[in-house]
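Engineer: Before we start, here is the structure in question, set down as structure tokens.
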Amino acid sequence: MSDKPISRNDKFLKKWRCTLNDKVLKSPCAPLPIPQETLIHRVLRSLRAHAVKFPLKPAVIEAFNQERSLTFQQIRDKALSFAAFLVANGVSIGDRATVALPNSIEWPVLHLGTWAAGGTIVGSNTAFKLYDTVYQLRDSSSSVIIVAEHLLDTMLAAAKQCSSVKLIICVRSSDSSRSLPEGVVDFKDTFLYEPIRKIAPVTPDSLAMIYYTSGTTGMPKGVVHTQRSFHCAVETMRSHWEQEIYPVLLGEENAVDWYQESQIIATSCASIYGFRLLNWFMITGSPIVLMKSFDGDVYLDVVETFKPRMLAVSPPIFAFLAKDFKAKKALSSVQMVMCTSAPLSKDLSDAFFSRYPSVKYIVQSYGMTELGGSAHLPLLLEEGVNAATGVVSAYYEQKIVDPDTLEVCIQGERGELWLRGAPQTIGYWNNPEATKSLIDEEGWVHTGDIGYVDKRGLVHLVDRLKELIKVNYKHQILQVAPAQVEGVLLACHQIRDAAVVGVSNHNKTGEFIRAFVVAADQTLTGREVEALVADNLAEFKHITGGVVFVDQIPRTSTGKILRRVLRERVQPVKEEEITHIDFHSSLSQKLFQQLSLMQVS
Numbered sequence: 001m002s003d004k005p006i007s008r009n010d011k012f013l014k015k016w017r018c019t020l021n022d023k024v025l026k027s028p029c030a031p032l033p034i035p036q037e038t039l040i041h042r043v044l045r046s047l048r049a050h051a052v053k054f055p056l057k058p059a060v061i062e063a064f065n066q067e068r069s070l071t072f073q074q075i076r077d078k079a080l081s082f083a084a085f086l087v088a089n090g091v092s093i094g095d096r097a098t099v100a101l102p103n104s105i106e107w108p109v110l111h112l113g114t115w116a117a118g119g120t121i122v123g124s125n126t127a128f129k130l131y132d133t134v135y136q137l138r139d140s141s142s143s144v145i146i147v148a149e150h151l152l153d154t155m156l157a158a159a160k161q162c163s164s165v166k167l168i169i170c171v172r173s174s175d176s177s178r179s180l181p182e183g184v185v186d187f188k189d190t191f192l193y194e195p196i197r198k199i200a201p202v203t204p205d206s207l208a209m210i211y212y213t214s215g216t217t218g219m220p221k222g223v224v225h226t227q228r229s230f231h232c233a234v235e236t237m238r239s240h241w242e243q244e245i246y247p248v249l250l251g252e253e254n255a256v257d258w259y260q261e262s263q264i265i266a267t268s269c270a271s272i273y274g275f276r277l278l279n280w281f282m283i284t285g286s287p288i289v290l291m292k293s294f295d296g297d298v299y300l301d302v303v304e305t306f307k308p309r310m311l312a313v314s315p316p317i318f319a320f321l322a323k324d325f326k327a328k329k330a331l332s333s334v335q336m337v338m339c340t341s342a343p344l345s346k347d348l349s350d351a352f353f354s355r356y357p358s359v360k361y362i363v364q365s366y367g368m369t370e371l372g373g374s375a376h377l378p379l380l381l382e383e384g385v386n387a388a389t390g391v392v393s394a395y396y397e398q399k400i401v402d403p404d405t406l407e408v409c410i411q412g413e414r415g416e417l418w419l420r421g422a423p424q425t426i427g428y429w430n431n432p433e434a435t436k437s438l439i440d441e442e443g444w445v446h447t448g449d450i451g452y453v454d455k456r457g458l459v460h461l462v463d464r465l466k467e468l469i470k471v472n473y474k475h476q477i478l479q480v481a482p483a484q485v486e487g488v489l490l491a492c493h494q495i496r497d498a499a500v501v502g503v504s505n506h507n508k509t510g511e512f513i514r515a516f517v518v519a520a521d522q523t524l525t526g527r528e529v530e531a532l533v534a535d536n537l538a539e540f541k542h543i544t545g546g547v548v549f550v551d552q553i554p555r556t557s558t559g560k561i562l563r564r565v566l567r568e569r570v571q572p573v574k575e576e577e578i579t580h581i582d583f584h585s586s587l588s589q590k591l592f593q594q595l596s597l598m599q600v601s
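Residue numbering for the sequence shown follows full-length UniProt numbering, beginning at 1 and increasing consecutively.
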């Protein structure tokens, strides 16, 4: 009997299961050597090789205007010209460059050029207002700003409050006729410089990037990655797909031709996930389609046009595809969908799988900015929906620890996930105390995520340690995972998006459960939402703190819910005050203000 891909992976896991009782669980994936060259050298070398094979092939394309594209050689030449400009203007090893730019063909040019000049990329969320922008510029001590034209006024105002800023470069829209303020450089003018022949003396220990956390607890913290750590993070993805994913999708006998594997990046390159995808696909030579923002019709159009075999999506995009009835034809080429950033509910996943016959695998991965992206990657063990986040990826080892006793959990027991490996951050920028709370003396990253390992060695994520809602139920404090309640809500076609938080109870210990809902059907009532949860979950998981209808759920650029933002809109209340809250009902404005509930815009 010949080995099929599925039996191959079964053998792979059986060999690994003998280690499941060990206190430290190492990756079952083939060991990878630590790269000795920097990531900037690797990408430039790859682009040159791709350009020889395909001199005219578009390497990166904009989804909203597909006529805007660059070849492999154009990316390399423009990046080295931009590097020459930066060096001529005083940029040197370690200087920080804040990038405030939606996904566009300029992204690979500016980030490779910055690295080639010895600089460090600081990713900035394009939704930032003045306060956030000033904070990040000051905290990172950025000397260079690279900004989209529509964000220029905000960035100029912020730069006036930051003495470290010396150089501002504006990436202009193609149809702009506006003259730039004095001292601001047009990004296109940097290409007039002769490409540098030798890049700055960057080493594997040089700082590659500072990407800020979403600030789910406290102010955002700058996560630092070196050329080595981020190179390892990128290499993990490339190797895993070649060794474990494509042999199943294509068959063991067929090697993947990366040049034919189009990839759509709808996640911001200013997030760790989007940035890792960008560098991964430049190394492999896959055509990259960049989306500056998510638009359902545009997304479906590029999927249908470029016919990717795999989609990497955030939870909101997954929910859109699961419910949008125009998507079925567009996804005919897609065999696998991978979701990141938050656990998927079984009901929503099952609904997705039943709608798309071409999709054979729905999988999840797990990671965080501090881990360099995904530290768990999927295995295609059987067709259908895989609730696990996969196995520990190459370079990493893990253990699951009881957060109260600090004892290592055995298989099946829930605890906090600890991970350690070469792709992880070296720490938070200028914040040794926060670094110490993240990484212990033995090098373990305490993720704050709750999960367990099943009998096959696959990891299942339950929720965030600090996001569990503590409910007082019949004189017991029981913990409720918001993701489970949200899974029930998101499976309903009348609900476009939803988030759940705990509301402090003035009268006694414990919290009420409050739901924030974006309705797809404006006739939906709060009582119907409450009934939906009551019909599907245990009593202590019911919505007892009311339902608030909002326009939008606040999320990070990678799709994680910003529960802190929702909690800030809620004051502790008494039980009799929130027996039922329904934004669509006749709730008085006085009570609404008293509870400090505001629509999220």
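Cβ atoms here follow ideal geometry from the backbone N, Cα and C, with glycine treated the same way.
Could you pull the start and end residues of the alpha helix (DSSP H) that I439 belongs to?
Structural biologist: Here I439 belongs to no alpha helix (DSSP H), and DSSP marks it neither H nor E.
Engineer: Cβ atoms of W429 and I121: under 8 Å apart, would you say?
Structural biologist: Not a contact, by the Cβ cut-off of 8 Å.
Engineer: Distance check for V109 and E67, CA to CA, integer angstroms please.
Structural biologist: Distance between the alpha carbons of E67 and V109 is about 17 Å.
Engineer: Does the beta carbon of D257 sit closer than 8 Å to a beta carbon anywhere in chain C?
Structural biologist: The structure shown contains no chain C; it holds only a single protein chain.
Engineer: Consult DSSP for R567 and reduce its assignment to one of helix, strand or coil.
Structural biologist: It is helical.
Engineer: So which of Q36, L566, C409 and T558 has the shortest CA-CA distance to C232?
Structural biologist: The shortest Cα separation from C232 among Q36, L566, C409 and T558 belongs to Q36.
Engineer: From the DSSP output, which residues share a beta bridge with H41?
Structural biologist: H41 pairs with nothing; no bridge assigned.
Engineer: Using a Cβ-Cβ cutoff of less than 7 Å, which residues in the same chain neighbour residue 609 once the five nearest sequence positions on both sides are dropped?
Structural biologist: Shown here, the chain extends from 1 to 601; a query on residue 609 therefore has no answer.
Engineer: Who does C170 pair with in a DSSP beta bridge?
Structural biologist: DSSP lists V147 and D186 as partners of C170.
Engineer: Quick one: what does DSSP say H240 is sitting in, helix, strand or coil?
Structural biologist: Helix.
Engineer: May I ask you to report which of helix, strand or coil DSSP gives H580?
Structural biologist: Confidence at H580 is low in this model, with a pLDDT of 46, below 50, so the placement of that residue should be treated as unreliable; the coordinate-derived value is given next. DSSP places H580 in coil when its eight states are reduced to three.
Engineer: Whole angstroms is fine: what's the gap from L361's alpha carbon to R496's?
Structural biologist: First, the residue type needs correcting, since residue 361 is Tyr and not Leu in the sequence shown. So the two alpha carbons sit approximately 24 Å from each other.
Engineer: Taking the alpha-carbon positions, what's the G510 to L250 distance?
Structural biologist: G510 and L250: Cα-Cα distance of roughly 51 Å.
Engineer: Can you find at least 3 beta carbon pairs, one from the region 315-323 and one from the region 269-277, that sit closer than 8 Å?
Structural biologist: The region 315-323, when compared against the region 269-277, does not touch it at the 8 Å Cβ threshold.
Engineer: By Cβ distance below 8 Å, which residues in the same chain neighbour V184 in space, the five residues on each side in sequence not counted?
Structural biologist: Once the five neighbours on either side are set aside, the close Cβ partners of V184 are L152, L156, I168, I169 and C170.
Engineer: Indicate the three-state DSSP secondary structure (helix, strand or coil) for V202 in the structure shown.
Structural biologist: V202 falls in the coil class under three-state DSSP.
Engineer: Can you name, in chain order, every residue of its own chain whose Cβ lies under 8 Å from the Cβ of G412, other than the five neighbours on each side?
Structural biologist: The answer, listed in chain order, is Y452, V453, D454 and K455.
Engineer: Taking the straight line between their C-alpha atoms, what separation do you get for L300 and A394?
Structural biologist: Roughly 33 Å between the two C-alpha positions.
Engineer: In angstroms, rounded to a whole number, what distance separates the CA positions of T190 and A117?
Structural biologist: Their Cα atoms are separated by approximately 13 Å.
Engineer: Using DSSP bridges, identify the partner residues of L417.
Structural biologist: DSSP lists I400 as partners of L417.
Engineer: When you compare the region 521-531 with the region 542-553, are there three or more beta-carbon pairs, one atom per stretch, that lie closer than 8 Å?
Structural biologist: The region 521-531 is in contact with the region 542-553.
Engineer: Please state the DSSP three-state secondary structure of D449.
Structural biologist: Reduced to three states, the DSSP call for D449 is strand.
Engineer: Mind checking which residues open and close the beta strand (DSSP E) that includes Q260?
Structural biologist: No beta strand (DSSP E) contains Q260, which DSSP labels as neither H nor E.
Engineer: A534 and F516 look like a contact to me (Cβ under 8 Å); what is the Cβ gap, rounded to whole Å?
Structural biologist: About 18 Å; that fails the 8 Å criterion.
Engineer: So for A233, helix, strand or coil by DSSP?
Structural biologist: Of the three classes helix, strand and coil, the one that applies to A233 here is helix, per DSSP.
Engineer: What is the rounded straight-line gap between the Cα of R464 and the Cα of A30?
Structural biologist: R464 and A30: Cα-Cα distance of roughly 30 Å.
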